[in-house]
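*Asks:* Just so you know, the sequences run in chain order A and B.
Just so we're aligned, residue 1 is where the first sequence starts under the numbering used here, counting upward by one.
Just so we're aligned, residue 281 is where the second sequence starts under the numbering used here, counting upward by one.
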Amino acid sequence: MNYSHQVLVDTETVANNLNNKSFKVIEVDYDPENAYRQGHLQGASLIWWKRDINDPVTRDIINKSQFEDLLSRNGLTAQSEVILYGDFNNWFAAFVFWIFKYYGHEKVQMMNGGRKKWEIENRSYTKDEPQIPKTNYVAQPPNEGLRAYLFDVRRALDKSDTVLVDVRSPKEFSGEVTAPAEYPMEHAQRGGHIPNANNIPWASAVNDTDGTFKSVEELKKIYETKGVTPDKDVICYCRIGERSSHTWFVLKYLLGYPQVRNYDGSWTEWGNMIGNPIEK
Amino acid sequence: MEIQSKNNETAKEQPILKKGIFYAILDGVSDIIMEDKTKRGLTVQERSIDEKYGVNSDKGMIYDMDGIGHKVGIRWYFPKDKYGFEKVLEHATEMEQRYRKIREETCPDY
Chain A
1 MNYSHQVLVD TETVANNLNN KSFKVIEVDY DPENAYRQGH LQGASLIWWK RDINDPVTRD
61 IINKSQFEDL LSRNGLTAQS EVILYGDFNN WFAAFVFWIF KYYGHEKVQM MNGGRKKWEI
121 ENRSYTKDEP QIPKTNYVAQ PPNEGLRAYL FDVRRALDKS DTVLVDVRSP KEFSGEVTAP
181 AEYPMEHAQR GGHIPNANNI PWASAVNDTD GTFKSVEELK KIYETKGVTP DKDVICYCRI
241 GERSSHTWFV LKYLLGYPQV RNYDGSWTEW GNMIGNPIEK
Chain B
281 MEIQSKNNET AKEQPILKKG IFYAILDGVS DIIMEDKTKR GLTVQERSID EKYGVNSDKG
341 MIYDMDGIGH KVGIRWYFPK DKYGFEKVLE HATEMEQRYR KIREETCPDY
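1. Measuring only the C-alpha atoms, how far is A/LYS117 from A/VAL82?
2. One question on the structure: do A/PHE92 and A/TRP49 come within less than 8 Å of each other, judged by their Cβ atoms?
3. Assuming A/GLY86 contacts A/THR11 under a Cβ cut-off of 8 Å, what Cβ separation, rounded to an integer in Å, is found between them?
4. Does the beta-carbon of A/GLU27 have 16 or more other beta-carbons within 10 angstroms, so that it is buried, or is it exposed?
5. Taking 8 Å as the CB-CB cut-off, is A/LYS50 touching chain B?
6. Give the residues from the stretch 330–343 of chain B that approach chain A closer than 8 Å (Cβ to any Cβ), ordered along the chain.
7. Quick check on the DSSP output: the beta strand (DSSP E) that includes A/TYR102 runs from which residue to which?
8. When the cut-off is 8 Å and only beta carbons count, does A/ASN44 lie next to chain B?
9. Taking DSSP as the reference, what is the three-state secondary structure of B/LEU322?
10. Looking at chain A, which residues of the stretch 373–390 of chain B have a Cβ within less than 7 Å of any of its Cβ atoms?
11. Quick check on the burial criterion: 16 or more other C-beta atoms within 10 angstroms. Buried or exposed for A/ILE240?
12. Terminal residues of the continuous alpha helix (DSSP H) containing B/MET375?
13. For A/LEU71, report the span of its alpha helix (DSSP H) as first-last.
14. Please list the terminal residues of the continuous alpha helix (DSSP H) segment that includes A/PHE151.
15. Output yes if chain A places a C-beta closer than 8 Å to the C-beta of B/GLY349; else output no.
Here's what the structure looks like:
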């Protein structure tokens, strides 16, 4: 497919390498009770977005030490070749991919299509959870060039070389809804979007049928025609930062844009802050 | 999470027999339908027998703070040949009281 980085692995390759000790397969779920616990790829361990990726008290992603502990519990070393996949169209796998890169892990890929494609192809699952010997993972200092904070976004409002990509649905972008009824914990006080943001829903980047990524040519057309070009400083956001990780992955690793950041505070931060400007 | 577009509203033309703050009772063709108003907007994922009431119900999913999905009833279909309005109202009143209690605990009106 000529993506700019070798960061995707197809389901067939994964299926043929489940016993290959060179790879560490990890499922990343938003809802493990209805995904991993119901069945997962043989040998895959679990990263649960809420429990493992978020600080238990402060609203933040895990710090370097917590990341090192997580990866040690998953039996990884800095040299491990990791394949991530997950529920919800790989959104949270993309979020974890972003965090792996944030803490400098080199060899990480995503299984194209995630659980959705694996299930469409009627591939097998197991409920057996692997016994994993703990390692002593050492991470790199965080790469802040991959992450946008509230102040970065505020500053970007006045910059013509920065483009904001709102990857939420059109109804969220317009402020008609702040979150679907299914997610009562994810509402904000105000609906709408960050001024001058471009609405390019995450799903534009994938094929409806199996959740795999579109071709480079198709992706370029989607983003470039909306002014999201490689010469810009790009900031992606959604509601809690997981769908925007998916688009961040597309722009940074499939299209090779040099400067792309994920604003993980996203709408649940922006839309709740007193005084933040909002467009509808 | 993604907005889903499936419409889960009951047919608008169904007459309302009675409504409370948290429920509505609708007059269906062959059923008296009890609707939980707090679940409005949820996408119907399945229709199956509800364990509590023993009648068909539309069910959706709500995700809690940890991201775990829980199946919840949205509306229940009580067959008219087995259930009268008073019985359905009894269930609806019980539901109403349950929600009122939660509201008093979480949002007391001082």
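Glycine included, C-beta positions come from ideal geometry on N, C-alpha and C.
*Replies:* Short version:
1. Taking the first residue of the first sequence as 1, we reach residue 117 of chain A at position 117. Taking the first residue of the first sequence as 1, we reach residue 82 of chain A at position 82. Approximately 19 Å between the Cα atoms of the pair.
2. Translated into positions along the first sequence, residue 92 of chain A becomes position 92. Translated into positions along the first sequence, residue 49 of chain A becomes position 49. Cβ distance < 8 Å, so A/PHE92 and A/TRP49 count as in contact.
3. Numbered from 1 along the first sequence, position 86 holds the residue referred to as residue 86 of chain A. Numbered from 1 along the first sequence, position 11 holds the residue referred to as residue 11 of chain A. A/GLY86 to A/THR11, Cβ: 13 Å. No contact.
4. Counting from 1 along the first sequence, the entry for residue 27 of chain A is found at position 27. It is buried - the Cβ of A/GLU27 has at least 16 other Cβ atoms within 10 Å.
5. Working through the first sequence from its first residue, we reach residue 50 of chain A at position 50. Yes, A/LYS50 lies at the interface with chain B (some Cβ there is under 8 Å from its Cβ).
6. GLY340, MET341, ILE342 and TYR343
7. In the first sequence, the residue the question calls residue 102 of chain A occupies position 102. Unbroken run through A/TYR102 is the alpha helix (DSSP H), 91–102; no beta strand (DSSP E).
8. In the first sequence, the residue the question calls residue 44 of chain A occupies position 44. It should be pointed out that residue 44 of chain A corresponds to Ala in this sequence rather than to Asn. Answer no: the Cβ-Cβ gap between A/ALA44 and chain B never drops below 8 Å.
9. As a position in the second sequence, residue 322 of chain B is number 42, starting the count at 1. Of the three classes helix, strand and coil, the one that applies to B/LEU322 here is coil, per DSSP.
10. none
11. Along the first sequence, read from residue 1 onward, the residue named residue 240 of chain A stands at position 240. Its Cβ being crowded by 16 or more others within 10 Å, A/ILE240 is buried.
12. Here the question's residue 375 of chain B lines up with position 95 in the second sequence. Per DSSP, B/MET375 belongs to the alpha helix (DSSP H) from 365–386.
13. Walking along the first sequence from the start, residue 71 of chain A turns up at place 71. Counting along the chain, the alpha helix (DSSP H) containing A/LEU71 begins and ends at 64–73.
14. Residue mapping note: residue 151 of chain A aligns to position 151 of the first sequence, counting from 1. Its alpha helix (DSSP H) spans residues 150–156.
15. Against the second sequence, residue 349 of chain B aligns to sequence position 69. Yes, B/GLY349 counts as interfacial toward chain A.
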